[in-house]
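Each remark here refers to the structure printed beneath this line.
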Amino acid sequence: MSRALIALVVASAVSTSLVERAPAQSPAPAPQVPANLNQLMRGILYPAANVVFAAQDQNPADVPRAKDPNMATDPLTSVFGKWEAVENSALALVESANLLSLPGRKCSNGVDVPVGNADWAKFLQELRDAGMTAYAAAQAKNQEKMLDVAEVMSTACAHCHGRYREKRLADRCK
Ligand code: HEC
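Start counting the sequence shown at -14; every next residue gets the next number (this note's numbering).
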């Protein structure tokens, strides 16, 4: 075989194997959403918001560690406690907006979570913004700011609740 031909054969072998090794472009699996909206609120948003709200009354830096901080059920007293717990809870709220935007979830009355509605997306952005405000204040360990932060956060929760929750059960999420 001539050198040129060998080079060609090698080159084509390389390029074929590159093609073969390229990751298969299979679609990402559809997210699974076993929690209804109430359960998601109770499991993620409610406990995370309470950690943010608690910083209004007590400086997170002063919260003592639990006896066994590895087993603590209150994030503020855990190994990832004090201001770090406020940071992480604020980020959990920001990230929860992504869970709230997934299609397929039901409200407790069986109605689809209205992820396609423009005002739903607006309320989610308000939640994200409130979470990032809380995150910044927690990073700065600025307890004086936590009063305003709590206000911004509870307003974000209340805006969506006013529109989609505070009505007869059958009319929720419509
Ligand atoms: C984008 C809309 C939206 C946002 C933002 C939102 N919620 Fe909700 N929330 C709802 C709806 C709608 C329900 C009722 C769901 C159902 O019936 O399944 C609900 C239910 C709840 C519940 C359950 C109440 C019960 O009766 O058991 C809690 C707790 C809750 N929300 C807390 C919060 C907190 C805290 C925040 C802010 C950090 C928040 N939510 C932000 C829409 C929202």
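We put the CB at the ideal spot given by N, CA and C, even for glycine.
Here the structure is a predicted model, which means the values were calculated and not measured.
1. Are L30 and V98 close, meaning C-beta to C-beta below 9 angstroms?
2. When you compare each of L154, P88, G89 and C142 to L109 by their alpha carbons, which one comes out closest?
3. Could you tell me the boundaries of the alpha helix (DSSP H) in which G116 lies?
4. Hey, is L112 close to ligand 1, as in C-beta under 8 angstroms from one of its heavy atoms?
5. Alpha carbon to alpha carbon, how far is P32 from L76? Give it in angstroms, no decimals.
6. For P14 and A123, what's the separation of their Cα atoms in angstroms?
7. By DSSP's criteria, K130 is part of a beta bridge. Which residues make up the other side?
Checking against the coordinates, here is how it stands:
1. Counting from 1 along the sequence shown, the entry for residue 30 is found at position 45. Counting from 1 along the sequence shown, the entry for residue 98 is found at position 113. No, the pair does not count as a contact, with Cβ atoms beyond the cut-off.
2. Locating residue 109 in the sequence shown gives position 124, where the first residue counts as 1. Selected option, being the one with the closest Cα: C142.
3. In the sequence shown, the residue the question calls residue 116 occupies position 131. G116 -> alpha helix (DSSP H) spans A103 to Q124.
4. The residue given as residue 112 occupies position 127 in the sequence shown. Under cutoff, so the answer is yes.
5. On the sequence shown, position 91 is the one that residue 76 refers to. On the sequence shown, position 47 is the one that residue 32 refers to. Going from the Cα of L76 to the Cα of P32 covers about 13 angstroms.
6. To locate residue 14, count along the sequence shown from 1; it is residue 29. To locate residue 123, count along the sequence shown from 1; it is residue 138. Each residue's alpha carbon lies about 35 angstroms from the other.
7. Within the sequence shown, residue 130 is the residue found at index 145, counting from 1. Paired residue(s): none; K130 is not in a bridge.
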